[in-house]
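Going down the list, the protein sequences come from chains P and Y.
The opening residue of the first sequence carries number 76 in my numbering; numbering runs sequentially from there.
The opening residue of the second sequence carries number 76 in my numbering; numbering runs sequentially from there.
C-beta atoms are modelled at their ideal positions from N, C-alpha and C, and glycine is treated no differently.
Here the structure is a predicted model, which means the values were calculated and not measured.
Please read the structure below before turning to the comments.
Protein chains: 2
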Amino acid sequence: MTERQRFSVAIVGATGAVGRELLDVLASRRFPMHSLRLLASARSAGTVIEIDSATAALLDNDGAKQPLVVEELSAKAFDGVDVAFFCASGNISSQWVETATAAGAIVIDNSKAFRMDPNVPLIVPEVNGETLLPAASKTQPRLPRVVANPNCSTIIALLAIAPLHRAVGISRMVVSTYQAASGGGAAMMTELEDQARQFAAGQPLTTNVLDRPYLFNVFSHNSPIGVDGNNEEEAKLIRETHKILSDDSIGISATCVRVPVLRAHCESINLTLKAPLSENEARELLRRAPGVSIVDDRPNNRFPEPVNASGLDDVLIGRIRSDASQPEGLGLNLYVAGDQLRKGAALNAVQIAELIATTSAVQQPSLNPC
Amino acid sequence: MTERQRFSVAIVGATGAVGRELLDVLASRRFPMHSLRLLASARSAGTVIEIDSATAALLDNDGAKQPLVVEELSAKAFDGVDVAFFCASGNISSQWVETATAAGAIVIDNSKAFRMDPNVPLIVPEVNGETLLPAASKTQPRLPRVVANPNCSTIIALLAIAPLHRAVGISRMVVSTYQAASGGGAAMMTELEDQARQFAAGQPLTTNVLDRPYLFNVFSHNSPIGVDGNNEEEAKLIRETHKILSDDSIGISATCVRVPVLRAHCESINLTLKAPLSENEARELLRRAPGVSIVDDRPNNRFPEPVNASGLDDVLIGRIRSDASQPEGLGLNLYVAGDQLRKGAALNAVQIAELIATTSAVQQPSLNPC
Numbered sequence: 076m077t078e079r080q081r082f083s084v085a086i087v088g089a090t091g092a093v094g095r096e097l098l099d100v101l102a103s104r105r106f107p108m109h110s111l112r113l114l115a116s117a118r119s120a121g122t123v124i125e126i127d128s129a130t131a132a133l134l135d136n137d138g139a140k141q142p143l144v145v146e147e148l149s150a151k152a153f154d155g156v157d158v159a160f161f162c163a164s165g166n167i168s169s170q171w172v173e174t175a176t177a178a179g180a181i182v183i184d185n186s187k188a189f190r191m192d193p194n195v196p197l198i199v200p201e202v203n204g205e206t207l208l209p210a211a212s213k214t215q216p217r218l219p220r221v222v223a224n225p226n227c228s229t230i231i232a233l234l235a236i237a238p239l240h241r242a243v244g245i246s247r248m249v250v251s252t253y254q255a256a257s258g259g260g261a262a263m264m265t266e267l268e269d270q271a272r273q274f275a276a277g278q279p280l281t282t283n284v285l286d287r288p289y290l291f292n293v294f295s296h297n298s299p300i301g302v303d304g305n306n307e308e309e310a311k312l313i314r315e316t317h318k319i320l321s322d323d324s325i326g327i328s329a330t331c332v333r334v335p336v337l338r339a340h341c342e343s344i345n346l347t348l349k350a351p352l353s354e355n356e357a358r359e360l361l362r363r364a365p366g367v368s369i370v371d372d373r374p375n376n377r378f379p380e381p382v383n384a385s386g387l388d389d390v391l392i393g394r395i396r397s398d399a400s401q402p403e404g405l406g407l408n409l410y411v412a413g414d415q416l417r418k419g420a421a422l423n424a425v426q427i428a429e430l431i432a433t434t435s436a437v438q439q440p441s442l443n444p445c
Numbered sequence: 076m077t078e079r080q081r082f083s084v085a086i087v088g089a090t091g092a093v094g095r096e097l098l099d100v101l102a103s104r105r106f107p108m109h110s111l112r113l114l115a116s117a118r119s120a121g122t123v124i125e126i127d128s129a130t131a132a133l134l135d136n137d138g139a140k141q142p143l144v145v146e147e148l149s150a151k152a153f154d155g156v157d158v159a160f161f162c163a164s165g166n167i168s169s170q171w172v173e174t175a176t177a178a179g180a181i182v183i184d185n186s187k188a189f190r191m192d193p194n195v196p197l198i199v200p201e202v203n204g205e206t207l208l209p210a211a212s213k214t215q216p217r218l219p220r221v222v223a224n225p226n227c228s229t230i231i232a233l234l235a236i237a238p239l240h241r242a243v244g245i246s247r248m249v250v251s252t253y254q255a256a257s258g259g260g261a262a263m264m265t266e267l268e269d270q271a272r273q274f275a276a277g278q279p280l281t282t283n284v285l286d287r288p289y290l291f292n293v294f295s296h297n298s299p300i301g302v303d304g305n306n307e308e309e310a311k312l313i314r315e316t317h318k319i320l321s322d323d324s325i326g327i328s329a330t331c332v333r334v335p336v337l338r339a340h341c342e343s344i345n346l347t348l349k350a351p352l353s354e355n356e357a358r359e360l361l362r363r364a365p366g367v368s369i370v371d372d373r374p375n376n377r378f379p380e381p382v383n384a385s386g387l388d389d390v391l392i393g394r395i396r397s398d399a400s401q402p403e404g405l406g407l408n409l410y411v412a413g414d415q416l417r418k419g420a421a422l423n424a425v426q427i428a429e430l431i432a433t434t435s436a437v438q439q440p441s442l443n444p445c
């Protein structure tokens, strides 16, 4: 895109954990925007959000830093908006995405609402971003009006497994997650921090967001359980992986667990490959893969950790080990850590928007870049 | 055993996390002892340990509660001791177990030192306790002088998988652990609690025991990595499972991870069975199994959690799910939580001692029960 193509951007759910992270990512990546509208529910409308100088510099106010005031979601809220990031619940997306697209916006939706819609692309740019490019689709000559941002656990796992799948094929994956509070929103992060303070003060732990203690505890992901016994997080990880890799034949068993960590997920991944791959071949493939960094220092016991992954764009990959419990070369273990708010949500959404911005310059002048 | 058969007991490492738990377990199970000697390194010798009235009631001091003074390990320390529990490091066991057995004691060793010795039984009473009984061994007519207590993660996993292995056979297991601080000793537990206090006070976190933050973090188990890429905890889980189940053919992939939890381990276990077992059949088998409780309430999202497993004797089992990524009936997921200090260490050791006490009454009057 050229310097002059800039967009009007809206963030729905601007006061949430992902919404606030999105503000940071847009600024740090200098997303080409000339205006920014922050939207939220009536409860949060009126909230004043200070923007940093990097964000202010992008906007049409001569770079002067100024606070933005959160507006209430409404039928008129998307007038003139080119790109709307939805960072609220699936219910909010179901209710408002059509309003946004009718007003002419392209929506990048971070909720589950549209992910499995066959007409909505589900995108991890490093993995299947090319499906958004004009040349990729003959049957879909125009840009989609809605692009779905996958579930955080799915994105983080896929950065690690997609390069291996591309190289030799994955027939089965067994994954156990170590998921952070941020996936449950800012309130869950606050509850965890509050409980540490309460422990220190010798007080009983308050449990407002969760109905169990979180500090010094670990629990099965707090989402409804389906008839197959999988919780919703596990079901997402399975079906979204199939959709993004365009391969329903991959057998996936997922166990999703929350750990008392603030904002980075870890995942222990055991793979069955279709063709042999040595440990070193796997490591080399991953070293060349986009969006990941290898942290696999056996002598010093240094592997991916939430404290190190937090705030990073890259997903960290380590514990790259051949699995001797499978036929030689066909079993491989990986352990990953990725910032749930960043690559797991806000960064991936902005990367999708960047792809769209590039594509729209070629294809869709009706987006009205100014 | 009868009322009159009581033993002289010693605890090596009495001031550590497992040693202190052992005191509790001996008392709560009314282990038949008439004297109790607490042993430790020179550094801890002289420590006064208050014993509760339940423990005092067992001893030959007319039930009067009194503190016990920790003595230094020495060549004479085991004189007159019938049963010595070793709850210190592998180095201490390597150095002192022979002294104890030479003095006539039977040793129950909680360290790794003798676990893989082919002449030393490695026992989880509910799983292979019968191998200690006289009838079990024609080639070993006398009681062993040393019995090894397995690694905590191994014990906790085996309580859940042994009944299934017995029923249909397990051909492969993929396990990812969520391990508590207690496995690293009392100092690691204290460091985690201290870090919560430091966080609350806005202070930097001190890292004396570990060389990384523990609060709000998760990290690969802090043990040396072997040439196959497995850390020592993973290697223990694999080889000890093989030994206890007397079956080296089970393929095992283990990933051992520490989470900021105080004293109960969780494990996410994916099994490949040799013959089909439905979810309900598996649940029924486990419901009838000793030493475990089923916590598998899908509607209310209640599954095994460290906060609920802590202080319990039973290992909690939940998330019992058929695994659709494997041929029908051959794949099964389990999720377990067990108190690392209790069933993972002290309780299992005392259960071994109880077996020995029963057996010795029949077989080995030289044990000098009084």
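- Under the Cβ criterion of 8 Å, residue 345 of chain Y is counted among the residues facing chain P.
- In this structure, DSSP gives residue 362 of chain Y a helical state, which the three-state scheme calls helix.
- Secondary structure at residue 313 of chain P: helix, using DSSP grouped into helix, strand and coil.
- Under DSSP, residue 274 of chain Y takes part in no beta bridge, so it has no partner.
- At a cut-off of 8 Å between beta carbons, residue 176 of chain Y makes no contact with chain P.
- For residue 119 of chain P, no Cβ of chain Y is located within less than 8 Å of the residue's own Cβ.
- With a 10 Å radius around the Cβ and a threshold of 16 neighbouring Cβ atoms, residue 112 of chain Y comes out buried.
- Apart from sequence neighbours up to five positions away, the residues of its chain that approach residue 94 of chain Y with a beta-carbon distance below 6 Å are 86, 88 and 162, ordered along the chain.
- Contacts between residue 380 of chain P and chain Y, judged by CB atoms closer than 9 Å, involve 287, 288, 292, 293, 294 and 295 in chain order.
- The C-beta distance from residue 182 of chain Y to residue 159 of chain Y rounds to 5 Å, short enough to meet the 8 Å contact threshold.
- Judged by their CB atoms, residue 342 of chain P and residue 261 of chain P are not nearer to each other than the 8 Å cut-off.
- Residues are counted here when their Cβ sits less than 8 Å from a Cβ of chain Y; for the segment 326-346 of chain P these are 326, 327, 328, 330, 332, 334, 335, 336, 337, 341, 343 and 345, given in chain order.
- Look at residue 296 of chain P here: in three-state DSSP terms it is coil, with no helix or strand label.
- Under the DSSP assignment, residue 93 of chain Y falls in the alpha helix (DSSP H) whose first and last residues are 92-103.
- Per the C-alpha coordinates, the member of Y:431, Y:186, Y:406 and Y:229 positioned closest to residue 326 of chain P is Y:406.
- A Cβ-Cβ distance of about 5 Å is found for the pair residue 249 of chain Y and residue 328 of chain Y, placing them in contact under the 8 Å criterion.
- Cβ contact annotation for residue 431 of chain P (same chain, cutoff 8 Å, sequence separation greater than five): 158, 181, 183, 207, 218 and 222, in chain order.
- For residue 136 of chain P, there is no enclosing beta strand (DSSP E), as DSSP marks it with neither H nor E.
- Residues of the segment 393-416 of chain P whose Cβ lies closer than 9 Å to any Cβ of chain Y, in chain order: 393, 394, 395, 396, 397, 398, 399, 400, 401, 406, 408, 410 and 412.
- Of all residues in the segment 231-247 of chain P, only 247 come within less than 8 Å of chain Y when Cβ atoms are compared, listed by chain position.
- A distance below 8 Å between beta-carbons, with the five flanking residues on each side excluded, links residue 313 of chain P to the following residues of its chain, in chain order: 305, 327 and 329.
- For residue 120 of chain Y, there is no enclosing alpha helix (DSSP H), as DSSP marks it with neither H nor E.
- Of the other Cβ atoms in all chains shown, fewer than 16 fall within 10 Å of the Cβ of residue 359 of chain P; this residue is therefore exposed.
- Separation of residue 434 of chain Y and residue 320 of chain Y (C-alpha to C-alpha, rounded to the nearest whole angstrom) is 22 Å.
- Under a 10 Å Cβ-count criterion, residue 301 of chain P is classified as exposed, with fewer than 16 other Cβ atoms of the shown protein chains found around its own Cβ.
- Nearest Cα to residue 80 of chain Y within the set Y:123, Y:134 and Y:241: Y:134.
- Rounded to the nearest angstrom, the Cβ distance from residue 145 of chain Y to residue 115 of chain Y is 5 Å, consistent with a contact under 8 Å.
- By the Cβ neighbour-count rule, residue 393 of chain P is buried, with 16 or more other Cβ atoms within 10 Å of its own.
- Residue-level contact by beta carbon holds for residue 251 of chain P and chain Y, with a gap shorter than 8 Å.
- For a Cβ distance threshold of 9 Å, residue set 270, 271, 272, 274, 275, 290 and 291 of chain Y lies close to residue 271 of chain P, ordered along the chain.
- The DSSP assignment places complete alpha helix (DSSP H) segments of no fewer than 4 residues inside the segment 331-401 of chain Y at 354-362 and 381-384, in order along the chain.
- Here the alpha carbons of residue 199 of chain P and residue 398 of chain P stand approximately 27 Å from one another.
- In the same chain as residue 419 of chain Y, and ignoring 5 residues on each side of it, the C-beta atoms closer than 7 Å to its own belong to 227, 230, 231, 340 and 413, in chain order.
- Identification of chain Y residues near residue 373 of chain P by a Cβ-Cβ cut-off of 8 Å yields 300 and 304, ordered along the chain.
- Contact annotation for residue 224 of chain P against chain Y: no contact, minimum CB-CB distance about 24 Å [criterion: below 7 Å].
- Around the CB of residue 426 of chain P, 16 or more other CB atoms lie within 10 Å, so the residue is classed as buried.
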